[in-house]
Amino acid sequence: MTAAVRDYGLTGSDSLLAVERGLVEAEWFRPPIDPERLRALQARTNARAARDTILWLGLLAVFGYLAFQTLGSWWAVPAFMAYGALYGGAGDSRWHECGHGTAFRTRWLNDVVYYVASFMLLRQPTLWRWSHVRHHTDTIVVGRDPEIMFPRPSSLRRVLGVYLPVAILPKAVWRTLKHAAGRVDADARDFIPEDELPKLKWESRAYITVLGGTAVWCIAIGSIVPALYIGLPTFYGAWLMVFFGAMQHAGLREDVLDHRYNSRTVYMNPILRFLYSNMNYHVEHHIFPTVPYYALPALHEEIKEHLAPPDRSTISAYRRIFATLRRQWRDPSYDDPRPDVPDVSGADRSFVNTGLTAWAGDVHDGLVDLGPAEGLAPNSARRVDHGNATYALFRLDPDDLAGSDEAVNAEAASGFVLSDGLCTHGQAHLAEGAVLDGLIECPKHNGCFDLCTGEALRYPATEPITLYDVAVRNGRVVSRFVPQEPDA
Ligand code: FES
0 MTAAVRDYGL
10 TGSDSLLAVE
20 RGLVEAEWFR
30 PPIDPERLRA
40 LQARTNARAA
50 RDTILWLGLL
60 AVFGYLAFQT
70 LGSWWAVPAF
80 MAYGALYGGA
90 GDSRWHECGH
100 GTAFRTRWLN
110 DVVYYVASFM
120 LLRQPTLWRW
130 SHVRHHTDTI
140 VVGRDPEIMF
150 PRPSSLRRVL
160 GVYLPVAILP
170 KAVWRTLKHA
180 AGRVDADARD
190 FIPEDELPKL
200 KWESRAYITV
210 LGGTAVWCIA
220 IGSIVPALYI
230 GLPTFYGAWL
240 MVFFGAMQHA
250 GLREDVLDHR
260 YNSRTVYMNP
270 ILRFLYSNMN
280 YHVEHHIFPT
290 VPYYALPALH
300 EEIKEHLAPP
310 DRSTISAYRR
320 IFATLRRQWR
330 DPSYDDPRPD
340 VPDVSGADRS
350 FVNTGLTAWA
360 GDVHDGLVDL
370 GPAEGLAPNS
380 ARRVDHGNAT
390 YALFRLDPDD
400 LAGSDEAVNA
410 EAASGFVLSD
420 GLCTHGQAHL
430 AEGAVLDGLI
440 ECPKHNGCFD
450 LCTGEALRYP
460 ATEPITLYDV
470 AVRNGRVVSR
480 FVPQEPDA
């Protein structure tokens with residue numbers, strides 16, 4: 000069967016088609032989940048992320064040491080293989096989790112690991128940060144998603160191009176050199192904000208400095224050994240990154256607003272799950288990106304009845320992937336059928352699936368009744384619709400307010416905050432997000448806003464949200480919906 004060849008570039012004909020078909024920044028299916036349970040799953044802990052990071056770096060150090068001790072013997076080969084897999088393979092899921100900002104509770108710890116892992120993978124942090132935001136916005140939408148690994152029609156050459164590190168080396172190096180020279184292609188410009196572009200140049204130059212220094216070191220001592228520890232593991236260890244990463248979406252449906260059809264969850268043993276930071280629960284991650292990796296197995300249990308049964312193992316997943324890719328060599332329109340996805344045709348895609356309540360009640364003396372104060376638990380949120388606008392009402396944990404001298408009004412001390420409902424970055428309702436440490440984390444791309452000032456604290460959100468007056472009268476939360484100035 001012949002099918003029209005699609006344009007996977009981000010500025011071509013298929014990107015226009017995606018807009019026409021309503022696939023851009025659209026609303027995606029979310030299964031119902033108890034909001035209390037979701038809130039518990041969104042909790043972050045430094046202890047768990049630190050334990051896993053120390054174990055990862057510790058293993059890296061152990062295998063690096065073993066490789067050094069066995070240099071000159073064949074024993075060095077498996078030692079370097081393990082070192083490379085931890086560096087260029089397991090580094091990918093650390094990069095990913097910390098890029099979302101969900102691994103550690105302390106935000107700067109996420110940033111540190113994100114930058115270290117970005118270097119290990121030869122990914123410029125800014126480029127890939129925005130690339131991944133787009134990937135989550137328009138997952139596997141042709142002409143929009145820059146992270147589609149298997150464009151159709153599939154072919155042996157394309158598949159080998161994904162799996163062979165030697166094939167990714169020239170592209171990664173060339174892109175780094177290009178960005179260091181200040182040349183950014185049209186695709187990257189399509190998803191990176193203009194004011195972020197200069198960072199690419201400096202990040203690439205920093206990489207070139209470190210890698211160039213390693214090369215000089217190699218020349219000076221007449222040995223390739225330094226490069227086997229810094230730089231080259233990105234490529235000789237990339238097989239593990241590809242082994243895991245290709246499973247996420249390979250062969251699955253394009254242009255569909257339901258992650259159950261375009262993402263794959265695969266059961267894995269605990270060792271693989273450690274190396275992959277539980278990203279085998281990939282459908283769950285895409286639907287609820289505010290849930291940290293260590294809570295994904297529990298999230299899976301919570302919503303699995305609404306998802307397709309996962310692949311039972313990596314072997315069964317790969318059997319299905321390669322069978323699908325082989326069919327797609329001849330028939331690019333062929334999809335992994337996934338007949339086992341529960342039918343939700345007609346289901347509401349919006350936030351109400353999460354059990355959030357949307358209402359604003361009676362008006363007395365100009366004050367609109369937003370409901371009983373006791374109806375909202377600390378660290379939770381509720382959508383409020385009033386007039387033609389939508390808002391989010393939050394109740395903060397009293398501990399998060401202690402010591403804050405930036406609350407925009409005295410009533411914030413009651414723990415209630417009323418803000419714009421929609422994130423300033425995209426079409427996501429903040430009442431669906433995670434209330435953490437006095438911040439609201441957007442449910443779509445993990446952008447963060449300070450609930451005492453409205454300030455945007457974390458990319459991709461850059462514009463503040465507006466906060467409104469809110470008070471508690473006779474046990475009821477009330478507001479006039481008057482915007483509040485910071486420090487008013
Ligand atoms: S929609 Fe992107 S951070 Fe909120």
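233 is the number that numbering that gives the first Met the number 0 gives to position 234 of the sequence shown; each next residue is one higher, with no gaps.
Idealized CB from N, CA, C, for every residue including glycine.
Under the three-state reduction of DSSP output, Glu26 falls in the coil class, being neither helix nor strand. Each of Trp201, Gly8, Ser312, Arg472 was checked against the Cα of Glu146, and the nearest Cα belongs to Gly8. The beta carbon of Pro459 sits closer than 7 angstroms to at least one heavy atom of ligand 1. It is roughly 40 angstroms from the alpha-carbon of Asp396 to the alpha-carbon of Gly87.
In this chain, the beta strand (DSSP E) harbouring Asp384 covers 379-385. In the structure shown, the three-state DSSP call for Ser478 is strand. Comparing C-alpha distances from His424 to each of Tyr458, Ala430, Val416 shows the shortest one belongs to Tyr458. Spatial neighbours of Gly230 in its own chain (CB-CB distance under 7 angstroms, excluding positions within 5 residues in sequence) are listed in chain order as Leu210, Thr213. Contact between the segment 243-259 and the segment 184-203 is absent, with fewer than three C-beta pairs closer than 8 angstroms. Residue environment: Val141 is assigned as buried (16 or more neighbouring CB atoms within 10 Å of its CB, all protein chains considered).
Nearest to Lys443 by C-alpha distance, out of Asp194, Thr264, Tyr390, Val290, is Val290. Sequence-distant partners of His281 (beyond 5 residues in either direction) whose C-beta falls short of 7 angstroms from its own C-beta, in its chain, are Gln247, Ser262, Arg263, Thr264. Ligand 1 approaches His424 closely enough that one of its heavy atoms is under 7 angstroms from the residue's Cβ. Fewer than three Cβ pairs drawn from the segment 113-126 and the segment 296-303 lie within less than 8 angstroms of each other, which leaves the two stretches out of contact. DSSP places Val290 outside both helix and strand once states are collapsed to three, so it counts as coil. If one requires a minimum length of 4 residues, the alpha helix (DSSP H) runs lying completely within the segment 204-266 are 224-228, 232-235, 237-244, 258-261, in chain order. Take the alpha-carbon of Val434 and the one of Ala460: they are about 16 angstroms apart. Judged by DSSP secondary structure, Leu274 falls within the alpha helix (DSSP H) whose first and last residues are 269-274. DSSP lists Asp384 as the bridge partner or partners of Thr389. Around the beta carbon of Ser379, a 10 Å sphere encloses 16 or more other beta carbons of the protein chains shown; the residue is thus reported as buried. Non-local beta-carbon contacts of Gly365 in its own chain, meaning distances under 6 angstroms to residues more than five positions away in sequence, involve Arg479 in chain order.
Listed as beta-bridge partners of Phe448 by DSSP are Ile439, Ala455. No Cβ-Cβ contact shorter than 8 angstroms links Met278 with Phe242. When beta bridges are read from the DSSP output, Asp310 appears opposite Val265. Counting along the chain, the unbroken alpha helix (DSSP H) around Asp186 starts and ends at 185-190. Around the beta carbon of Gln327, 16 or more other beta carbons sit within 10 angstroms, so the residue counts as buried. Counting C-beta atoms within 10 angstroms of its own C-beta, Ile220 has fewer than 16 neighbours from the protein chains shown and is therefore classed as exposed. Beta-carbon to beta-carbon, Trp55 and Ala89 are separated by about 6 angstroms, close enough to satisfy the 8 angstroms threshold.
For Val367, the enclosing beta strand (DSSP E) covers residues 366-371. Put simply, the backbone Cα of Thr323 is about 30 angstroms away from that of Gly83.
Distances from the CA of Cys441 to each of Val158, His363, Thr136 were compared; the closest alpha carbon is that of Thr136. The C-alpha of Asp110 lies about 9 angstroms from the C-alpha of Trp94. DSSP places Leu65 inside the alpha helix (DSSP H), whose first and last residues are 45-68. Take His284, set aside five residues on each side of it, and the residues of its chain with a beta-carbon closer than 7 angstroms to its own are Met278, Leu295, in chain order. Secondary structure at Asp419: strand, using DSSP grouped into helix, strand and coil.
Of the residues assessed, Ile314 falls on the exposed side of the cut-off, its CB having fewer than 16 other CB atoms within 10 angstroms.
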